[in-house]
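Chains as they are written, first to last, in the numbering used here: chain A, 16 to 264; chain B, 29 to 336.
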Amino acid sequence: MAILETKNLSKAFGALAAVDDVSLGIEAGTLHSIIGPNGAGKTTLFNLLTGTYLPSAGRILFDGRDITGTPAHRVAHLGLARSFQRTNVFPAFSLLDNAWVAAFACGPSWEGLLWRRADRYPEVKARALAALADVGLADKAGKPVREISHGEQRQLELAIALAAAPRVLLLDEPAAGLSPEETRKLVALVRALKGRYTIVLIEHKMDIIMSVSDRISVMHFGSLIAEGTPAEIQKNPEVRRAYLGGVAA
Amino acid sequence: MKKENILLLAAVLVLPLVLRPAIASEIWIFAIFGLGLNLLLGYTGLLSFGQATFFGSAAYVAGWLLKHYGISVFLALGTGVFVGAASAALVGYLCVQRSGLYFIMLTFALNQLFYFVAYQWTSVTGGEDGMPGIPRPAFLGIDFNDPFAYYVFVSALFIVSLWIMRRIVESPLGKILQAIRENEVRAEAVGYDVARFKLAAFVIGGAFSGAAGVLYAMLFGIVPLEAIGFVTSGNVVFATLIGGSGSLYGPIIGSFVFIWLSESVSTLWARWPLLLGVAFVIVVLFLRGGVVEAWSRFWSWRSSKPKT
Ligand SMILES: Nc1ncnc2c1ncn2[C@@H]1O[C@H](COP(=O)(O)OP(=O)(O)O)[C@@H](O)[C@H]1O
Ligand SMILES: [Mg+2]
Numbered sequence: 016m017a018i019l020e021t022k023n024l025s026k027a028f029g030a031l032a033a034v035d036d037v038s039l040g041i042e043a044g045t046l047h048s049i050i051g052p053n054g055a056g057k058t059t060l061f062n063l064l065t066g067t068y069l070p071s072a073g074r075i076l077f078d079g080r081d082i083t084g085t086p087a088h089r090v091a092h093l094g095l096a097r098s099f100q101r102t103n104v105f106p107a108f109s110l111l112d113n114a115w116v117a118a119f120a121c122g123p124s125w126e127g128l129l130w131r132r133a134d135r136y137p138e139v140k141a142r143a144l145a146a147l148a149d150v151g152l153a154d155k156a157g158k159p160v161r162e163i164s165h166g167e168q169r170q171l172e173l174a175i176a177l178a179a180a181p182r183v184l185l186l187d188e189p190a191a192g193l194s195p196e197e198t199r200k201l202v203a204l205v206r207a208l209k210g211r212y213t214i215v216l217i218e219h220k221m222d223i224i225m226s227v228s229d230r231i232s233v234m235h236f237g238s239l240i241a242e243g244t245p246a247e248i249q250k251n252p253e254v255r256r257a258y259l260g261g262v263a264a
Numbered sequence: 029m030k031k032e033n034i035l036l037l038a039a040v041l042v043l044p045l046v047l048r049p050a051i052a053s054e055i056w057i058f059a060i061f062g063l064g065l066n067l068l069l070g071y072t073g074l075l076s077f078g079q080a081t082f083f084g085s086a087a088y089v090a091g092w093l094l095k096h097y098g099i100s101v102f103l104a105l106g107t108g109v110f111v112g113a114a115s116a117a118l119v120g121y122l123c124v125q126r127s128g129l130y131f132i133m134l135t136f137a138l139n140q141l142f143y144f145v146a147y148q149w150t151s152v153t154g155g156e157d158g159m160p161g162i163p164r165p166a167f168l169g170i171d172f173n174d175p176f177a178y179y180v181f182v183s184a185l186f187i188v189s190l191w192i193m194r195r196i197v198e199s200p201l202g203k204i205l206q207a208i209r210e211n212e213v214r215a216e217a218v219g220y221d222v223a224r225f226k227l228a229a230f231v232i233g234g235a236f237s238g239a240a241g242v243l244y245a246m247l248f249g250i251v252p253l254e255a256i257g258f259v260t261s262g263n264v265v266f267a268t269l270i271g272g273s274g275s276l277y278g279p280i281i282g283s284f285v286f287i288w289l290s291e292s293v294s295t296l297w298a299r300w301p302l303l304l305g306v307a308f309v310i311v312v313l314f315l316r317g318g319v320v321e322a323w324s325r326f327w328s329w330r331s332s333k334p335k336t
């Protein structure tokens, strides 16, 4: 069964149809990639799924429930967590605090919100540390963000999403701006997360996509033009024309 | 006990011996006001330029009840806290959706609105003449008209306020407010209703401002019109920035510097605001963390110096 579904989802910015009549189903437990050239509407699709933008038309179903129009902070509590294409962390915080804030938000209770010391939530701290460990940053938990490299900030970006203990992870180009070496590391990381979460991955580095995805959807000018297994996508003539053309042909 | 707390306790004990008790009281009252502002300014990253709205409203309402109904000092205090929080809820509700300069201008504009209501409503507020004749009713035989007794009352309330504020900033709420200051978009994305948390910061800050407003009215026996004017809003921002908005103690030090300068230097030199201006420029240009940062820089410089 699809855990996350869109029905004829559209988003217009003025005359531009950034997302155009997209109907998509993400099966629970899979890694489903969304590819497409720059400006195809991939990030906008994520912004719709997470409630950051209100769709112009169409519906979003999570776990069979209609969540269209649910504000972003509530969507997070439903178990949908995202990472951002442009690193989007809490700069003055330590890595642990970055993950802690996300872990607390979606924790079991906000009891003591006003009066209990923030360091007296052992289970929240444990979850934040586990998220950092998942991305290989456990030994840097106490460091401030400005002391880690760009590659490590991309890992932190992921850890913040993981700390929420989500059911579905939306990853927007996690390898954006990384060197080949750092990219390999991050792909290994995503591969390790596969199976533990339902993952929706936006990426436009072809080699990554083909090797990790269960299914691939291809976006072009806001529309879905193809969907299938990596092998099917590679053979699809329309995809080759629209997107792979210069890369794989 | 922590170094800061020992210093503070010493200051509470020594201040009334070296300064007039009224000035010493004013320092702690202004510090409570600053603590409230700094939850918004330093922790949440919201520059409210309208804190006098809450300070003044509380002073007028509690002052009026003190004057006409002779309510007890604690009831007056409770009233002030409530009025401060309620007026901040109203102002906050209108402001939290805005950001940047719009936010600052709106807090300022709403402050002006309250000011003009106070200015026009002379039958209650006394308009430009202020609302005089506010008593300090005795409580359990303690005569608060004795400046020392009132000083003890004020400084005890300051310590309680500081304790409460410390609990708040060290709680998850404090961390969430700082996360909002650091990155609003991400805070929302990880699951916090940013507007509601900003509103909470307003209400708590307003409650502190309200407490300060009532104590101020009782200290001087009058609510002057300026208590609700933008100069008061500016002063508390000024003092907090000079002390350092990045820490819990910044506004306290700022209050000390501000009140002490305005009370002692102003009698010697009428152009004393010039001094404050200079201090402000220094802070903005070189010391974003205010006196607190200067202090910690000095200590790290001292300890890094090789011993000869
Ligand atoms: N907030 C916005 N306002 C106006 N146009 C936008 C906005 N966000 C995205 N767009 C436009 O929508 C199109 C799709 O952008 P985006 O979703 O970021 O593409 P992708 O992530 O696939 O590169 C682009 O043409 C972009 O300029
Ligand atoms: Mg994008």
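Yeah, the Cβ is synthetic: ideal placement off N, Cα and C, and Gly gets one too.
Environment of B/Asn263 [buried if 16+ CB atoms lie within 10 Å]: Walking along the second sequence from the start, residue 263 of chain B turns up at place 235. Answer is buried; the Cβ neighbour count reaches 16.
Alpha-carbon to alpha-carbon, B/Glu321 and B/Ser331: Position 303 of the second sequence, counted from the start, is the residue given in the question as residue 331 of chain B. Position 293 of the second sequence, counted from the start, is the residue given in the question as residue 321 of chain B. Straight-line Cα distance between these residues: approximately 15 Å.
Rounded separation between B/Lys30 and B/Trp191 - CA only: Within the second sequence, residue 30 of chain B is the residue found at index 2, counting from 1. Within the second sequence, residue 191 of chain B is the residue found at index 163, counting from 1. Straight through space, the alpha carbons of B/Trp191 and B/Lys30 are spaced by roughly 13 Å.
Stretch pair the stretch 283-303 of chain B + the stretch 231-240 of chain B: three plus CB contacts closer than 8 Å: no
Cross-chain neighbours of A/Arg132 in chain B, by beta carbon under 7 Å: Walking along the first sequence from the start, residue 132 of chain A turns up at place 117. What A/Arg132 touches in chain B: Glu198 and Ser199.
Element boundaries [alpha helix (DSSP H), containing B/Phe326]: On the second sequence, position 298 is the one that residue 326 of chain B refers to. Gly318 to Ser332 is the span of the alpha helix (DSSP H), which, as asked, contains B/Phe326.
Within 9 Å, strictly: CB atoms of B/Trp297 and B/Ser183: Taking the first residue of the second sequence as 1, we reach residue 297 of chain B at position 269. Taking the first residue of the second sequence as 1, we reach residue 183 of chain B at position 155. Not a contact, by the Cβ cut-off of 9 Å.
C-alpha distance - B/Glu79 paired with A/Gly73, whole-angstrom precision: Working through the second sequence from its first residue, we reach residue 79 of chain B at position 51. Working through the first sequence from its first residue, we reach residue 73 of chain A at position 58. The sequence as given places Gln at residue 79 of chain B; Glu does not occur at that position. Annotation: B/Gln79 to A/Gly73 spans about 45 Å, alpha carbon to alpha carbon.
Residues of the stretch 116-131 of chain A with Cβ closer than 8 Å to any Cβ of chain B, in chain order: Val116, Ala117, Phe119, Ala120, Cys121, Trp125, Gly127, Leu128, Leu129, Trp130 and Arg131
Where A/Glu126 sits in the DSSP three-state scheme: Start at 1 with the first residue of the first sequence, and residue 126 of chain A comes out as number 111. In the structure shown, A/Glu126 sits in coil (DSSP, three-state: anything other than H, G, I, E or B).
Contacts around A/Leu69, its chain only, beta-carbon distance under 7 Å, and the 5 residues preceding and following it disregarded: Mapped onto the first sequence, residue 69 of chain A falls at position 54. Correct list, in chain order: Gly84.
Residue-chain proximity (B/Ile355, chain A), Cβ-Cβ < 9 Å: With chain B covering 29 to 336 only, the question about residue 355 of chain B has no answer from this structure.
Length at least 3, wholly inside the stretch 35-88 of chain B: the beta strand (DSSP E) runs in chain order: none
Cα-Cα separation between A/Leu129 and B/Gly278, rounded to whole angstroms: Position 114 of the first sequence, counted from the start, is the residue given in the question as residue 129 of chain A. Position 250 of the second sequence, counted from the start, is the residue given in the question as residue 278 of chain B. If I take the Cα positions, the gap works out to 22 Å.
Proximity test, A/Lys220 beta-carbon vs ligand 1 heavy atom, cut-off 8 Å: Translated into the one-based positions of the first sequence, residue 220 of chain A becomes position 205. Incorrect: A/Lys220 has no Cβ contact closer than 8 Å to ligand 1.
Delimiting residues of the beta strand (DSSP E) encompassing B/Thr268: The sequence position of residue 268 of chain B within the second sequence is 240, counting from 1. Where B/Thr268 is concerned, there is no enclosing beta strand (DSSP E), although the alpha helix (DSSP H) it sits in stretches over Phe258 to Gly271.
DSSP state of A/Met234 mapped onto helix, strand, coil: The residue you call residue 234 of chain A lines up with position 219 of the first sequence. Three-state result, A/Met234: strand.
Minimum Cβ-Cβ distance from B/Arg164 to chain A less than 9 Å: Sequence index remark: in the second sequence, residue 164 of chain B carries index 136 (1-based). Cβ-Cβ to chain A under 9 Å: no for B/Arg164.
Test item: CB-CB of A/Gly157 and A/Ser226 under 9 Å: For this step, residue 157 of chain A is matched to residue 142 along the first sequence. For this step, residue 226 of chain A is matched to residue 211 along the first sequence. Cβ distance not < 9 Å, so A/Gly157 and A/Ser226 don't count as in contact.
For B/Thr150, three-class secondary structure by DSSP: Looking up residue 150 of chain B in the second sequence gives position 122. Looking at B/Thr150 - three-state DSSP - the assignment turns out to be helix.
Coarse secondary structure for A/Tyr136, derived from DSSP in three states: On the first sequence, residue 136 of chain A is found 121 positions in, with the first residue counted as 1. Looking at A/Tyr136 - three-state DSSP - the assignment turns out to be coil, as it is neither helix nor strand.
Sufficient close CB pairs (3 or more, under 8 Å) joining the stretch 154-172 of chain B to the stretch 76-94 of chain B: yes
Cβ distance (whole Å) where A/Gly66 is taken to contact A/Arg97 below 8 Å: On the first sequence, residue 66 of chain A is found 51 positions in, with the first residue counted as 1. On the first sequence, residue 97 of chain A is found 82 positions in, with the first residue counted as 1. Contact flag wrong, Cβ pair sits at about 10 Å.
A/Met16 burial status per 10 Å Cβ neighbour count (16 or more: buried): Within the first sequence, residue 16 of chain A is the residue found at index 1, counting from 1. Exposed.
Simplified DSSP state of B/Ser127, which is helix, strand or coil: Mapped onto the second sequence, residue 127 of chain B falls at position 99. Note: B/Ser127 maps to coil in three-state DSSP.
Proximity of B/Ile34 and B/Leu75 at Cβ, strictly below 9 Å: Looking up residue 34 of chain B in the second sequence gives position 6. Looking up residue 75 of chain B in the second sequence gives position 47. Their beta carbons are not under 9 Å apart, which means B/Ile34 does not touch B/Leu75 by this criterion.
Neighbour flag for A/Ala263 against chain B, beta carbons, 9 Å: Within the first sequence, the letter at position 248 stands for residue 263 of chain A. Bear in mind that a pLDDT of 41 at A/Ala263, under 50, signals an unreliable position, so the number given afterwards is only what the model happens to contain. Taking Cβ atoms only, chain B never reaches closer than 9 Å to A/Ala263, which makes this a no.
Touch test, the stretch 177-184 of chain A against the stretch 211-218 of chain A, Cβ-Cβ under 8 Å, three pairs minimum: yes
Element boundaries [beta strand (DSSP E), containing A/Phe28]: Here residue 28 of chain A refers to the residue found at position 13 of the first sequence. Segment Ala17 to Phe28, the beta strand (DSSP E) holding A/Phe28.
Backbone secondary structure at B/Phe167 - three-state DSSP: Here residue 167 of chain B refers to the residue found at position 139 when the second sequence is read from its first residue. The DSSP-derived three-state label of B/Phe167 is strand.
Residue-level contact to chain A via CB, B/Glu32, 9 Å cutoff: Stepping through the second sequence from its first residue, residue 32 of chain B is reached at position 4. No, its Cβ sits nowhere closer than 9 Å to a Cβ of chain A.
9 Å Cβ cutoff met for B/Val213 and A/Ala179: Here residue 213 of chain B refers to the residue found at position 185 of the second sequence. Here residue 179 of chain A refers to the residue found at position 164 of the first sequence. The Cβ-Cβ distance between B/Val213 and A/Ala179 does not fall below 9 Å.
Alpha-carbon to alpha-carbon, B/Thr81 and B/Leu13: An answer regarding residue 13 of chain B cannot be provided, because it is not within the stretch 29 to 336 covered by chain B.
Ligand 1 heavy atom lying under 8 Å from the CB of A/Ile223: One-based indexing of the first sequence puts residue 223 of chain A at position 208. False, no ligand heavy atom lies under 8 Å from that Cβ.
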